[in-house]
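> Numbering (this note's numbering), first residue to last: 462 to 546.
C-beta: ideal position from N, C-alpha, C; glycine also.
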Ligand SMILES: [Zn+2]
């Protein structure tokens, strides 16, 4: 029951796979390997998360901030002062 010459993806392969910078041929080979290898699959998942968070961070740095924080502060905090009934 020896996997015949189907090497695990190394860290660099996993990263390039997540980044989508593999050749079609390489990616196809890894896709096949991932079907049978849970170990590499979890590596890819972790790498995907890492890549996603890196991209989100890069977007934050380059962009003009998150849209969620772009609320007008004036309207949200309305203090009613000296307006008793
Ligand atoms: Zn593997």
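Could you tell me if the beta carbon of residue 500 falls within a distance shorter than 6 Å of some heavy atom in ligand 1?
For this step, residue 500 is matched to residue 39 along the chain shown. It does: the Cβ of residue 500 is within 6 Å (strictly closer) of some heavy atom of ligand 1.
> Would you tell me roughly how many angstroms separate the C-alpha atoms of residue 509 and residue 500, rounded to the nearest one?
Residue mapping note: residue 509 aligns to position 48 of the chain shown, counting from 1. Residue mapping note: residue 500 aligns to position 39 of the chain shown, counting from 1. Roughly 14 Å between the two C-alpha positions.
> My assumption, with CB atoms under 8 Å, is that residue 480 sits in contact with residue 505. Please give the rounded CB distance.
Along the chain shown, one-based indexing puts residue 480 at 19. Along the chain shown, one-based indexing puts residue 505 at 44. With a Cβ gap of about 11 Å, residue 480 and residue 505 do not count as contacting.
> Excluding the 5 residues preceding and the 5 following residue 464 in the sequence, name in chain order all residues of the same chain whose CB lies nearer than 6 Å to its CB.
Within the chain shown, the letter at position 3 stands for residue 464. With a pLDDT of 46 at residue 464, under the threshold of 50, the predicted position of this residue should be treated as unreliable, and no value is reported.
> Kindly indicate the opening and closing residues of the alpha helix (DSSP H) around residue 482.
Translated into the one-based positions of the chain shown, residue 482 becomes position 21. Per DSSP, residue 482 belongs to no alpha helix (DSSP H) and is neither H nor E.
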